[in-house]
Every structure is written in C-alpha cells, then in structure tokens.
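As structure tokens, the structure follows; a few thoughts come after it.
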Amino acid sequence: MKAVPLPHLAATLLALFLSASSAALAQSEPTALVDQQHCMFCHTRDAPFLAPSFQQIAARYRDVPNARLMLEHKLREGGKAHWGDTAMPLPPDRGGPLTAEDAHTLIVWVLAQ
C-alpha cells in the first residue's frame, strides 16, 4: 500500500471539513427568526400547507436573478400572493418588523432548501 503524502492528506481533509461545515451552515435553520416571524404557521420545510413549502420556494426562485432581493423585500413589507390565494402577511401580523439582515438570513436559508 502506497503512503499518501502528508500535505496532500491534510489538504484533502481540510477540503472535506470545509465542505461539510458549509453544508451544515447552509442547512442550519435560523430557529429564533423562524419562531419570531411565525413562519411555520403557514409554511413547512417540505410540504405545502397554507402556503408553499420552503423547498417549493427554493425550487422556484433559487436560479432566478434578483429573486433573493425580491423575497427579502416581501418578507419585510408583505406582499401579494404568488401561490394560491394567501398573501404574505404584513410584518405586524407575523411578529413585528424584520431587519434587512434578518430577512437576508431567512431567505438565504429558504433558498438553501
């Protein structure tokens, strides 16, 4: 059995670690924001409920230019229905105002589904 050079092994292990860490971060639910904004009142991760699932939203918008900005704005301001008859509730009806940073965090997480 041929020995693997130590620098090559270290680089491979580092790449695997970074890849796994970034996948874990992408999948990590921002639970406090999800709870604060009552997201699960209408959405689920993988099945439509009163609104589309997060996976459906990700599939529809993941590759659409500027979709992230549009969705962040919709979270912060509310918006018309893009699926069925249910519109995104206004922030006071969801748990209060949402900062641009928090909206970004939620949308990045949703689009990673």
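For the sequence shown, the residue numbers in mature numbering (1 follows the signal peptide of the UniProt record, and there is no 0) are -26 to -1, 1 to 87. Every residue gets a Cβ at the ideal spot worked out from N, C-alpha and C, and that includes glycine. A quick note: this is a predicted structure, and the numbers were derived from the prediction, not measured.
Excluding its 5 nearest sequence neighbours in each direction, Arg50 has C-beta neighbours in its own chain below 6 angstroms: Leu72, Ala77, listed in chain order. Counting only the Cα atoms, Val82 lies some 9 angstroms from Glu46.
It is roughly 13 angstroms from the alpha-carbon of Pro22 to the alpha-carbon of Cys13. Note on geometry: alpha-carbon atoms of Ala41 and Ala32 lie some 10 angstroms from one another. Within the same chain, Cβ atoms closer than 6 angstroms to the Cβ of Gly69 are found at Gln10, Gln11, His12, the five residues on either side in sequence being excluded. Under DSSP, Gly58 forms no beta bridge with any residue. Gly52 and Val38 have their C-alpha atoms roughly 20 angstroms apart. Under DSSP, Gly53 forms a beta bridge with Met62. Scanning Thr5, Ala6, Phe15, Ser2 for the CA closest to the CA of Asp67 turns up Phe15. One Cα belongs to Thr60, the other to Gln87, and the distance between them is close to 21 angstroms.
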